[in-house]
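Going by this note's numbering, the first residue of the sequence shown is number 80, and it counts up by one from there.
First comes the structure, then the notes that go with it.
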Amino acid sequence: MYVSSLRVHILQIATWRRCGSCKLGLIKILTLRPLAIIVVSVFAITGFLALQPFDLQNNLLSRASSVQNCDRPPGYVLLILDNTGLNDSIHRASPGTPSITLSFQRGDTVNILICNLDTVQAHGFAVSHYFDRGVTLRPGDAYKVSLVARDAGSFTIYCNVFCTVHTFMLGKLTVT
Numbered sequence: 080m081y082v083s084s085l086r087v088h089i090l091q092i093a094t095w096r097r098c099g100s101c102k103l104g105l106i107k108i109l110t111l112r113p114l115a116i117i118v119v120s121v122f123a124i125t126g127f128l129a130l131q132p133f134d135l136q137n138n139l140l141s142r143a144s145s146v147q148n149c150d151r152p153p154g155y156v157l158l159i160l161d162n163t164g165l166n167d168s169i170h171r172a173s174p175g176t177p178s179i180t181l182s183f184q185r186g187d188t189v190n191i192l193i194c195n196l197d198t199v200q201a202h203g204f205a206v207s208h209y210f211d212r213g214v215t216l217r218p219g220d221a222y223k224v225s226l227v228a229r230d231a232g233s234f235t236i237y238c239n240v241f242c243t244v245h246t247f248m249l250g251k252l253t254v255t
C-alpha cells in the first residue's frame, strides 16, 4: 500500500499536479525548478572556469593550445624537447644549469611554440611564476603557450615531467 501510494505521489509530482495528501505541493515544486536551473548554471560556469588555464596563485592568465606541426609562426620562440634535452641542452649545458635564456620587457606578450620531437617519452614545459601548471607533451605533440610578462625578474623554464634528460631541461625567462 505504501509503495503504491509513493508511486502515485512521484507520478503526480513528475506531471506537475498538486497532490492533496503530498506535503510537497505545487508551489514548492515551482520554486525547485528555478533553483535547479541556478544550481546547474553555477556548476556549468565554474566547470568552464576550472578548465581555463588560470593561475590563481599569481592571478595571471596564460594560454596553451595544441597545434599540428612545429612550423614556427612569426613572433614565436621555438623550443625543441627531445632525448637531447631542451634545444640540445645535453651538449651545451651542465645538469641543473639553464641552457637557454629568453629575454623580454615588462608588458610584452611571450609566445612560445614547444615541440616534443622525442619518439619515445613525454616531456613537459612550465615557467615558474607565469605557467606553473605547465603542459605535458607526449611524443610528437606541439603546443603554443602565450603569457604576458607582467612582473620583472628571472624565472625558471623547466620540464615538469620526469624523463631521462630531466636535469638538462632548464632555461631562464628574464623580464626587465
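Positions of the beta carbon are idealized from the N, C-alpha and C atoms, including for glycine.
Just so you know, these numbers come straight off a predicted model, no measurement behind them.
Inter-residue Cα distance where the pair is His208 and Lys223: 18 Å
Measure the alpha-carbon distance for Gly175 versus Val240 and round it to whole angstroms. 15 Å
Quick check on DSSP: helix, strand or coil for Ala129? Residue placement at Ala129 is flagged as unreliable, the pLDDT there being 47, under the threshold of 50; the coordinate-derived value follows with that caveat. Note: Ala129 maps to helix in three-state DSSP.
For the beta strand (DSSP E) that Leu213 lies in, which residues bound it at each end? As written in the sequence, residue 213 is Gly, which differs from the Leu given in the question. Per DSSP, Gly213 belongs to the beta strand (DSSP E) from Phe210 to Leu216.
Reference Gly154, options Thr255, Phe247, Ile191 and Val214, closest by Cα: Ile191
Quick one, are the C-beta atoms of Ala201 and Leu181 less than 8 Å apart? no
What are the start and end residues of the beta strand (DSSP E) that includes Tyr222? Ala221 to Val227
How close, in whole Å, do the beta carbons of Phe234 and Val206 come, if the pair is a contact with beta carbons under 8 Å? 6 Å
To the nearest whole angstrom, what separates the beta carbons of Leu226 and Ile193, a pair I think is in contact under 8 Å? Wrong, their Cβ atoms sit about 13 Å apart, outside the cutoff.
On the three-state DSSP scale, how would you describe Asp241? The residue you asked about is not Asp; residue 241 is Phe in the sequence shown. DSSP places Phe241 in coil when its eight states are reduced to three.
Let me know the secondary structure DSSP gives Ser178 once reduced to three states. coil
Less than 8 Å between C-beta atoms, sequence neighbours within five positions excluded: which residues of the same chain meet that for Gln184? Ala228, Val254 and Thr255
So the beta strand (DSSP E) Val254 belongs to, where does it begin and stop? Leu249 to Val254
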